[in-house]
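Accompanying notes for the structure given below.
2 protein chains.
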Amino acid sequence: MRVIKSLQNEQIKYYARLKEKKYRDETGLFLIEGEHLVRMAIEANCLVTLLVAEEDIENYLDIIEEDKTIVVTESIINKLSFTKTPQNVIGIAKQNIVDKKEVNHVLVLDTLQDPGNVGTLIRSALAFNYDKIYVSESTVDVYNEKVVRASQGAIFKINIVKKGLKEIYRFLSNNDFQIIVTSLTNNSLYLEELKSKDKFAIVLGNEGNGVSEESLKNASNIVKIRMSDKIDSLNVAVAGSIIMYRLMEGYK
Amino acid sequence: MRVIKSLQNEQIKYYARLKEKKYRDETGLFLIEGEHLVRMAIEANCLVTLLVAEEDIENYLDIIEEDKTIVVTESIINKLSFTKTPQNVIGIAKQNIVDKKEVNHVLVLDTLQDPGNVGTLIRSALAFNYDKIYVSESTVDVYNEKVVRASQGAIFKINIVKKGLKEIYRFLSNNDFQIIVTSLTNNSLYLEELKSKDKFAIVLGNEGNGVSEESLKNASNIVKIRMSDKIDSLNVAVAGSIIMYRLMEGYK
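From first to last, the protein sequence lines stand for chains A and B. In case it helps, my numbering puts the first sequence at residues 1 to 252. In case it helps, my numbering puts the second sequence at residues 253 to 504.
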């Protein structure tokens, strides 16, 4: 196993830059933190490098592969970590670049901004057996650490592809998907009234402004969830999860 | 209107202390930030004092009541604010102390720790016409600014009461509530199989550890949501909202 002790080491600096989207985009890599996420990355065959603090090597013997592991100091862990009291294990994972085409149940994120919402939706999509998530270019980066954390590792188990909305809708239309767009307009259909086809995509919009014109233009149906008039809207991760739940296979 | 310009003013220091739970508990007051929440507090008759930066008074003329308003500097707004670029309006609101007894649909939060989850659940409970939220003493303070923010002001429109779990279950049992406890055990009923009565309470547990023994002991039913085995669990705000949605009045 290699050992690195200097905070000034070039490789450590290279990893630290992965905190910025720009470098994640350039390298196709991202940082993950803690044992749970590292184990999920290994399972998904996405772990490139493992960094373990020397004090804690014994706790991670079962996941250490000699040629992939670097033993580091706690200061290095702290430099790469996003939390105040990090677990002593950090992974460098590779981003998913497969663009799975044989899919039936798709989630489309149109300009979502909150990383917690995006991570939670990835987690729900996996839980409800969706095949794929399309993420518009204007949506927060899914390899942002808050997204990864809120996804609870689901990010490693579901196909996620970033694309322009026009391209996303071209694929969905050409492949006969029912495009179910969520929007709180007066003439939206209630979710409870919607009949879904075998192949469908659910489109969710921005936290403050809702879905874009491009999404409305491509909608097969525009739906909303029935609720009290005492409040304007639901949290988008909640609304999206309720719709995914309701339309999931086997729903009765 | 009073004018305060000094950061050292005793009243401003008193308000700043409301950032800590201890002082919120002592005074029954809490801070709210931004026009949207202030307007909701006014509607709910909960606004005690309004602080407006002098530069922005003209934008808030319609909500300014002379005897409740203090004109302050931007530095004072910054001192009281939780955000980096605050709106120039902050409210001091009073906590809800009514303990509404004539209720049918109740949400119980047993030791939830994440303020975003708790705020989101308050928002969903209002959206789905629940009457009341019981919050265990071990749950994060609902007047924490992150809870208030995530609730989108729903905190002003639904009855929320903090109590010990024993006392909560005593009330629910004595009043013939069906107590529906969520837990991912093997012999939990699927939500889809559950029959709900007219009066019921949904109990949600801690993000990491689930519900407490006290809740399990008092359960009429233990339920879970059907999902893929590719992931352990849903986010608790999502799970709770799906259950509230499914069991809401008029659900078909």
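For glycine and all other residues, C-beta sits at the position ideal for the given N, C-alpha and C.
| Query | Result |
| --- | --- |
| Heavy atom of the ligand HEM within 6 Å of Asp428/B beta-carbon | The ligand HEM is absent from the structure shown, which contains no ligand whatsoever. |
| Coil, strand or helix - Gly210/A by DSSP | strand |
| Contacts around Arg123/A, its chain only, beta-carbon distance under 8 Å, and the 5 residues preceding and following it disregarded | Ala150, Ser151, Gln152, Ala154 |
| Alpha-carbon to alpha-carbon, Ile477/B and Ser493/B | 11 Å |
| Terminal residues of the beta strand (DSSP E) in which Gln430/B lies | 430 to 434 |
| Closest by C-alpha distance to Asp484/B, when choosing among Thr437/B, Ile495/B, Glu445/B, Ala471/B | Thr437/B |
| Three-state secondary structure (DSSP) of Lys19/A | helix |
| CB contact check: Tyr190/A to chain B, cutoff 7 Å | no |
| Contact list for Glu406/B against chain A, beta-carbon separation under 9 Å | The sequence shown places Ala at residue 406/B, rather than the Glu named in the question. Here the neighbours are Lys230, Ile231. |
| Exposure of Arg254/B, with buried meaning 16 or more beta-carbon neighbours within 10 Å | exposed |
| Best match in Tyr169/A, Tyr130/A, Glu214/A for proximity to Ile158/A [C-alpha to C-alpha] | Tyr130/A |
| DSSP bridge partner residues for Lys199/A (one or two, in chain order) | Lys199/A is not bridged to any residue. |
| Completely contained beta strand (DSSP E) runs for the region 81 to 132 of chain A, where each covers 3 or more residues | 89 to 94, 105 to 109 |
| Beta carbon of Lys230/A nearer than 7 Å to that of Leu359/B | no |
| Distance CB(Met496/B)-CB(Phe423/B) smaller than 7 Å | no |
| C-alpha distance - Phe30/A paired with Val341/B, whole-angstrom precision | 39 Å |
| Beta carbon of Val118/A nearer than 7 Å to that of Val140/A | yes |
| 7 Å Cβ cutoff, Tyr245/A in contact with chain B | yes |
| Whole-Å CB distance - Leu216/A paired with Val181/A, under 8 Å assumed | 6 Å |
| Other residues of its chain near Val147/A: CB distance less than 6 Å, five sequence neighbours each side excluded | Pro115, Val118, Gly119 |
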